[in-house]
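Have a look at the structure below, then the notes.
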Amino acid sequence: MAVVKASKSGATSVAVSCRGIGKSFITKDIEVTALRNVDLDIKTGEFMMLVGPSGCGKTTLISIIAGILKPSTGTCIVEGVDLNALTDTELLDFRAKKIGFIFQSFNLIPTLSLLENIAIPLIINGALQDEAMARAEVMLAKMGLASKADRSPTQLSGGEQQRVAIARALVHQPSLLICDEPTSALDHATGESILTLMKDISAEMKTTFVIVTHDARIFKYADRIAHMNDGAVTGIE
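Residues are numbered in this note's numbering as their position in the sequence shown, beginning at 1, plus a constant of 94.
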């Protein structure tokens with residue numbers, strides 16, 4: 095695994111460093127450019143939002159940061175590791191241990207209980223079932239849902255399902271959490287409570303959050319906002 099040495103300057107550490115990231119896709123013999131020479135640094139423990147119109151490249155960029163896609167050009171260094179230099183097996187292992195995901199559609203498995211849903215990342219990482227369930231129980235309690243541990247996700251409200259999804263994403267204590275429109279399926283009040291919870295977790299666990307969103311109501315929760323348009327980062331506030 096290729097590890098890039100961290101700076102000893104004492105400056106704030108960087109969780110994600112993208113340099114010259116470009117990504118193109120071939121569709122019906124036509125080349126489509128999704129990202130153009132993106133440079134972006136995300137600090138450790140930061141609550142970063144990526145915003146911009148549909149089709150501007152936000153989802154492609156977080157897919158590269160998460161190691162799901164490889165860039166056509168440039169480098170992406172996550173937690174000191176150059177993702178381009180990893181083999182497919184190393185990349186899968188890195189993602190399983192270091193990265194968590196929260197999706198707009200929750201992606202919970204309806205045939206499993208809440209505890210079983212949350213335990214999945216731990217079991218994937220080789221934890222014994224009893225240990226995985228015990229850690230899942232602790233995380234579910236943090237979400238205020240301990241009394242509903244044995245229920246199916248279908249018996250919960252949208253906000254409760256998102257809390258379970260957050261618990262699942264955090265149970266293996268990832269360094270980086272990737273969130274794709276985490277409030278789009280929620281009403282305003284529930285979305286606000288979810289963002290407050292995520293901010294508290296970020297402060298407590300020093301987890302770096304990268305959030306793609308169209309929801310301007312939650313921009314106030316960001317430490318910084320990276321604006322994207324036509325495959326490029328056009329500004330950061």
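Backbone N, C-alpha and C fix where the C-beta goes; we use that ideal spot for every residue, glycine too.
Whose CA, out of Phe303, Leu155 and Val265, lies closest to the CA of Asn219? Nearest option by C-alpha distance: Val265.
Can you give the Cα-Cα distance for Thr277 and Ile171, rounded to whole angstroms? 28 Å
Spatial neighbours of Asn323 within its chain, please: CB distance less than 7 Å, with the 5 preceding and 5 following residues excluded, ordered by chain position. Apart from the 5 residues on each side of it in sequence, Asn323 sits with its Cβ closer than 7 Å to the Cβ of Gly146, Pro147 and Cys150 in its chain, given in chain order.
Residues bridged to Asn323 (per DSSP): Ala326
Could you check which residue in Asn201, His321 and Thr284 has the C-alpha nearest to that of Ser251? Thr284
For the alpha helix (DSSP H) containing Glu254, name the first residue and the last one. Gly252 to Leu264
Touch test, the region 210 to 225 against the region 293 to 308, Cβ-Cβ under 8 Å, three pairs minimum: no
Please state whether DSSP places Gly285 in a helix, a strand or coil. helix
Range covered by the alpha helix (DSSP H) that runs through Asn211: Secondary structure note for Asn211: its alpha helix (DSSP H) is the uninterrupted segment Leu208 to Ile218.
Residues sharing a beta bridge with Val145, DSSP: His321
Among Ser157, Thr127, Leu155 and Ala279, which has the Cα closest to the Cα of Asn201? Ala279
DSSP on Ser157, reduced to helix/strand/coil? helix
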